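So the structure is just underneath, and the comments pick up after that.
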Amino acid sequence: MRLLVTGGAGFIGANFVKQTIADRPGVTVTVLDALTYAGNRASLEPLADRIDFVHGDIADLDLVDELVSGVDAVVHFAAESHNDNSLAEPWPFVQTNIVGTYSLLQAVRRHDVRYHHVSTDEVYGDLGPGDRAFTERTPYNPSSPYSSTKAASDLLVRAWTRSFGVRATLSNCSNNYGPYQHVEKFIPRQITNLIDGVRPRLYGAGHQVRDWIHVDDHNRAVWDILERGRIGQTYLIGADGELDNKSVVRMILEAFDRDPDDFDHVTDRPGHDQRYAIDATLLRTELGWTPRYGDFRAGLAATVQWYRDNESWWRPYKAITERAYVAAGEQTLGGASA
Ligand code: NAD
Ligand code: TDX
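Here it is in structure tokens:
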């Protein structure tokens, strides 16, 4: 199989390419990535002679058409992915997440190429504490410029499937953690803060709940769907990993042998979604997928160790990321008891 992977220099895409090269010798991989602030060539360095890398934009219709004409399938990870950035400047989210997906859909339509669309549980909005988890039938109700542009891209995929017969599947996954995640995101930000001797920074009271899944479990599900998923079907991906943010910060501090209350509360995110939770019954029953990383604390400890061992990978991005949080108005509200 000849595979085009968009966003392969980003967090989930790079882990997907690594897993694919390791497990599937019959697959040839071309990565298309614009190398935005979130893309890192170093993530693919160990695989440089095993893949083709194309530096380009998914919204470039001619380039995308040419690349798609030479493959059997596309797995689409490329996106603007950070909620905080979407609140500061929404335009790149509209351009990449919506126009970029349009460009890929037109190409797979023209060349009748199999397409898998990687999306997020955030398209469903948020849940209250006692609400049932999201399913494939939950109505869309996105809150942020990020999640609304991902929702728009999902709807384009559904329309191109129904109206033009595009052979597409979709997946909506919960929060991923693991190696190669940008230091702007919650878990790597706190880990690298602690390596630098800075206290973790919890938005607001930290009562928001996220449903954590290891990136390798997400990517194995993507392969299951690509190979055996029903055309036109959406699959939710999640590993029953619900935890509130405060508990996660405390676990990270414990992994550093630090007092679990040694963190700061900072300005909350506007419109902050309260809770996400995934019901992955369809994926488990129809495709037989099960997560391998059942123990979040163990997966987190391995992730902490990865950031300790790979400082050269994240160091160039740390100071600029923290400066952006300050420029966006983040302020310390006080210590753990505040
Ligand atoms: P990321 O921000 O780490 O990586 C995005 C990659 O896309 C980068 O390499 C970037 O250079 C590239 N890119 C951005 N704009 C591009 C463009 N116009 N053309 C080509 N490449 C471009 O993101 P991630 O966390 O790896 O997320 C990957 C996908 O998974 C996204 O679609 C995201 O919505 C989805 N997702 C992420 C999570 C999560 O927890 N991180 C959870 C569910 C779904
Ligand atoms: O410093 C922080 N402190 C903090 O308390 C940061 C960066 C975040 N948070 C909170 C906000 C969220 O409740 O932690 C939680 C996780 O934050 P993010 O890592 O920004 O993730 P989230 O907004 O939940 O979205 C992530 O999961 C779904 C990804 O970034 C999305 O791409 C994906 O679709």
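Just remember that this note's numbering sits 6 ahead of the position in the sequence shown, which is counted from 1. Think of the CB as a built atom: it goes at the ideal place given N, C-alpha and C, for glycine as much as any other residue. Predicted, not measured: the structure shown is a model, and the values here were computed from it.
Open item on the list: In this structure, how does DSSP classify H117 when only helix, strand and coil are distinguished?
Closed with: Translated into the one-based positions of the sequence shown, residue 117 becomes position 111. The answer is helix: DSSP assigns H117 an H, G or I state.
TODO: For the beta strand (DSSP E) containing N178, list its first residue and its last residue.
DONE: Taking the sequence shown and counting its residues from 1, the one referred to as residue 178 is at position 172. Taken as a continuous stretch (DSSP letters only), the beta strand (DSSP E) holding N178 covers A174 to C179.
Task: C-alpha gap between G294 and Q239, whole angstroms - done: Against the sequence shown, residue 294 aligns to sequence position 288. Against the sequence shown, residue 239 aligns to sequence position 233. Near 16 Å, if we compare the C-alpha coordinates of Q239 and G294.
TODO: Give the range of the alpha helix (DSSP H) segment to which D160 is assigned.
DONE: Within the sequence shown, numbered from 1, the residue matching residue 160 stands at position 154. Start and end: P151 to F170.
TODO: With a cut-off of 8 Å on the beta carbons, I'd call V105 and L10 a contact; round off their distance for me.
DONE: Within the sequence shown, numbered from 1, the residue matching residue 105 stands at position 99. Within the sequence shown, numbered from 1, the residue matching residue 10 stands at position 4. At roughly 18 Å, the Cβ-Cβ gap does not stay under 8 Å, so V105 and L10 are not in contact.
- [ ] Could you have a look at S87 and say whether DSSP puts it in helix, strand or coil?
- [x] Position 81 of the sequence shown, counting from 1, holds the residue named residue 87. Residue state, collapsed to three classes: coil.
Task: Option in V272, H271, Y43 and R256 with minimal Cα separation from D265 - done: The residue labelled residue 265 in the question sits at position 259 within the sequence shown. Nearest option by C-alpha distance: R256.
Open item on the list: Are there any heavy atoms of the ligand TDX lying less than 6 Å away from the beta-carbon of Q239, as far as the coordinates show?
Closed with: Your numbering for residue 239 matches position 233 in the sequence shown. The answer is no for Q239.
TODO: Rounded to whole angstroms, what's the CA-CA distance from P96 to G277? Just pull it up for me.
DONE: Within the sequence shown, the letter at position 90 stands for residue 96. Within the sequence shown, the letter at position 271 stands for residue 277. Near 14 Å, if we compare the C-alpha coordinates of G277 and P96.
Task: Distance CB(N103)-CB(T155) smaller than 7 Å - done: Along the sequence shown, one-based indexing puts residue 103 at 97. Along the sequence shown, one-based indexing puts residue 155 at 149. Their beta carbons are under 7 Å apart, which means N103 touches T155 by this criterion.
TODO: Go through the stretch 196-248 residue by residue and report every complete run of the alpha helix (DSSP H) that reaches 4 residues or more, in order.
DONE: 221-234
Open item on the list: When you measure from the CB of Y130 to every non-hydrogen atom of the ligand TDX, does any distance come out below 6 Å?
Closed with: For the purposes of this step, residue 130 is identified with residue 124 of the sequence shown, where counting begins at 1. The answer is no for Y130.
Open item on the list: With H, G and I counted as helix, E and B as strand and the rest as coil, what does DSSP make of I57?
Closed with: Taking the first residue of the sequence shown as position 1, residue 57 is located at position 51. The answer is coil: DSSP assigns I57 none of H, G, I, E or B.
Task: Check: F350 C-beta below 6 Å from any heavy atom of the ligand NAD - done: No answer is possible for residue 350: it lies beyond the span of the chain, which begins at 7 and ends at 344.
Open item on the list: Measuring only the C-alpha atoms, how far is G247 from T107?
Closed with: By 1-based counting over the sequence shown, the position of residue 247 is 241. By 1-based counting over the sequence shown, the position of residue 107 is 101. In a straight line, the C-alpha of G247 is about 29 Å away from that of T107.
- [ ] Can you have a look at Q311 and say buried or exposed, based on whether 16 or more other CB atoms are within 10 angstroms of its CB?
- [x] Sequence index remark: in the sequence shown, residue 311 carries index 305 (1-based). When all chains shown are included, Q311 counts as exposed.
- [ ] Pull up the distance between the alpha-carbon of E51 and that of Y299, whole angstroms please.
- [x] Locating residue 51 in the sequence shown gives position 45, where the first residue counts as 1. Locating residue 299 in the sequence shown gives position 293, where the first residue counts as 1. If you take the alpha carbons of E51 and Y299, they lie about 26 Å apart.
Task: Proximity to N91 [Cα-Cα], best of E72, H123 and P151 - done: Position 85 of the sequence shown, counting from 1, holds the residue named residue 91. It is P151.
- [ ] Using 10 angstroms around the beta-carbon of A94, count the other beta-carbons present and answer buried if the total reaches 16, otherwise exposed.
- [x] Stepping through the sequence shown from its first residue, residue 94 is reached at position 88. The residue is exposed, with fewer than 16 neighbouring Cβ atoms inside 10 Å.
Open item on the list: Here's a check: name, in chain order, each residue in its chain whose Cβ is nearer than 8 Å to the Cβ of L200, leaving out the five neighbours to either side.
Closed with: To locate residue 200, count along the sequence shown from 1; it is residue 194. Same-chain partners within the cutoff: P206, I258, L259, F262 and R264.
- [ ] In the DSSP assignment, find the unbroken alpha helix (DSSP H) run with T338 in it and report its ends.
- [x] For the purposes of this step, residue 338 is taken as the residue at position 332 of the sequence shown. That residue, T338, is in no alpha helix (DSSP H); its beta strand (DSSP E) goes T338 to G341.
- [ ] Note the first and the last residue of the continuous alpha helix (DSSP H) segment covering R8.
- [x] In the sequence shown, residue 8 corresponds to position 2, counting from 1. Note, R8: premise wrong, no alpha helix (DSSP H); beta strand (DSSP E) at R8 to T12.
- [ ] Could you pull out every unbroken alpha helix (DSSP H) segment of at least 4 residues lying fully inside the stretch 246-271, listed in chain order?
- [x] 251-261
Task: Contact check, L249 vs I284, beta carbons under 7 Å - done: For this step, residue 249 is matched to residue 243 along the sequence shown. For this step, residue 284 is matched to residue 278 along the sequence shown. No, Cβ-Cβ distance for L249 and I284 is not below 7 Å.
- [ ] With DSSP as the reference, please indicate the residues paired to R281 in a beta bridge.
- [x] Indexing the sequence shown from 1 puts residue 281 at position 275. According to DSSP, R281 bridges with V215.
Open item on the list: If I follow the unbroken beta strand (DSSP E) through A20, where does it start and stop?
Closed with: For the purposes of this step, residue 20 is taken as residue 14 along the sequence shown, with counting starting at 1. No beta strand (DSSP E) holds A20; the alpha helix (DSSP H) holding it covers F17 to D29.
Task: Any non-hydrogen atom of the ligand TDX closer than 6 Å to K252 Cβ - done: What you label residue 252 is simply residue 246 of the sequence shown in a count that begins at 1. No, the ligand TDX has no heavy atom inside 6 Å of this Cβ.
- [ ] Taking A79 as part of the beta strand (DSSP E), name the residues at either end of that continuous run.
- [x] Within the sequence shown, numbered from 1, the residue matching residue 79 stands at position 73. That run of the beta strand (DSSP E) goes A79 to H82.
Open item on the list: Quick check on DSSP: helix, strand or coil for Y323?
Closed with: Position 317 of the sequence shown, counting from 1, holds the residue named residue 323. Helix.
Open item on the list: Looking at the ligand NAD, does it come within less than 6 Å of I18, judged from the CB to the closest heavy atom?
Closed with: The sequence position of residue 18 within the sequence shown is 12, counting from 1. It does: the Cβ of I18 is within 6 Å (strictly closer) of some heavy atom of the ligand NAD.
- [ ] Reducing DSSP to helix, strand and coil, say where T36 ends up.
- [x] One-based indexing of the sequence shown puts residue 36 at position 30. If DSSP states are grouped into helix, strand and coil, T36 belongs with the strands.
- [ ] Taking 7 Å as the cut-off, decide whether the C-beta atoms of A113 and V77 are in contact.
- [x] Along the sequence shown, one-based indexing puts residue 113 at 107. Along the sequence shown, one-based indexing puts residue 77 at 71. Taking 7 Å as the Cβ cut-off, A113 and V77 do not qualify as a contacting pair.
Task: Best match in V119, Q337 and N21 for proximity to V172 [C-alpha to C-alpha] - done: Taking the first residue of the sequence shown as 1, we reach residue 172 at position 166. Cα-wise, what sits closest to V172 is V119.
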